[in-house]
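Mapping the sequence shown onto the UniProt record's numbering, position 83 (from 1) lands on 83, and the numbers just tick up by one.
Glycine included, each C-beta is placed from N, C-alpha and C at the ideal position.
Note that the structure is predicted; figures quoted are calculated from it, not measured.
One structure is given here, and the rest of the page talks about it.
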Amino acid sequence: MAPSYFPLRWESTGDQWWYATPIDLAAANGLYDLVTELLHQDTNNLIKLTSLRRIRRLETVWDDDESQFQDVAKCRSYVARKLLFECEETGTGKNSLINGGYGGWLLYTAASAGDLEFVHELLRRDSLLVFGEGEYGVTDMLYAAARSKNFEVFNMILDFALLGREFSIVELDESGDGGGVFMREILNRAIHAAARGGNWEILKKQVLLGSASQILLSYRDAQGCTVLHSAAGRGQVEVRNSHDLFSMLV
């Protein structure tokens, strides 16, 4: 029998207590039949399953012991993929799960698992999913891809995000420089996502594409934090303590 990924943890958040639900447990173990049964019993479970806020809390639990929970992302991706195909509308080519606004969750889940085939399938259906839906945004997609440690998945997400100008996502200013500002902003988010996700290999490849000092010191997030701040804030020792990183600065 496969090991049980039981992400149950009580946490005090002010005057409320937070805990993982049965559908979190079922998805974390890849128990698709149980997930569908829980959804049939209470459709509100879909909101719990797809909530980014809940997923982030669960990720902190899984990150405490990566060796024990290393397959959780793959199990959740397996469940998400089966749900996607289960929601196909015969003869119309439409999908009720994506049309219902859950495309962002699907892509985040696929990217977190490093499932290149699933990510490609979703972006083939709707390339704008890279910019997210609802509570999910492009930064979340890049962060999920960085967490997976899969450079191909990260690259695909980044490439589709950079195509935003062709999708008329970017409004050009009078100087016509809107595209350049957009590209820098996406690259900035990608670099910080790689640092927060602890993906040193991805970050190193980005560093090699440009000036190390510019990338590591000039690229700042909305709070003015550098890449090193982002890595330290997430406890990503692999990035923060890298001797290669500091050697690039001298």
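With DSSP collapsed to three states, give me the class of Asn95.
strand
For Lys94 and Leu84, I'd like the C-alpha separation in whole angstroms.
11 Å
Backbone CA spacing between Trp62 and Ala161 [nearest angstrom]
28 Å
Along the alpha helix (DSSP H) that carries Tyr143, what are the first and last residues, could you check?
Start and end: Val138 to Ser148.
Opposing strand residues paired with Glu117 [DSSP bridges]
For Glu117, which the question treats as bridged, DSSP gives no partner whatsoever.
Name the residue from Ile55, Arg196, Cys87 and Ile98 whose alpha carbon lies nearest to the alpha carbon of Val72.
Ile55
If you check the beta carbons only, do Leu116 and Leu122 fall under 9 Å apart?
no
Quick one: what's got a C-beta closer than 8 Å to Leu38's C-beta in the same chain, skipping five residues either side?
Pro22, Ile23, Ala26 and Asn45
Bridge-paired residues (DSSP) for Glu89
Beta-bridge pairing links Glu89 to no other residue.
Determine the DSSP secondary structure at Asp33, reduced to helix, strand or coil.
helix
Tell me which residue opens and which closes the alpha helix (DSSP H) that Ser67 is part of.
Careful: Ser67 lies outside any alpha helix (DSSP H) and carries neither H nor E.
What does the alpha-carbon distance come out to for the pair Tyr108 and Ala144?
Take the alpha-carbon of Tyr108 and the one of Ala144: they are about 6 Å apart.
State the Cα-Cα distance for the pair Val153 and Arg147, rounded to the nearest angstrom.
10 Å
Does the Cβ of residue 270 have 16 or more other Cβ atoms within 10 Å, making it buried, or fewer, making it exposed?
There is simply no residue 270 to check, as the chain begins at 1 and stops at 250 in what is shown.
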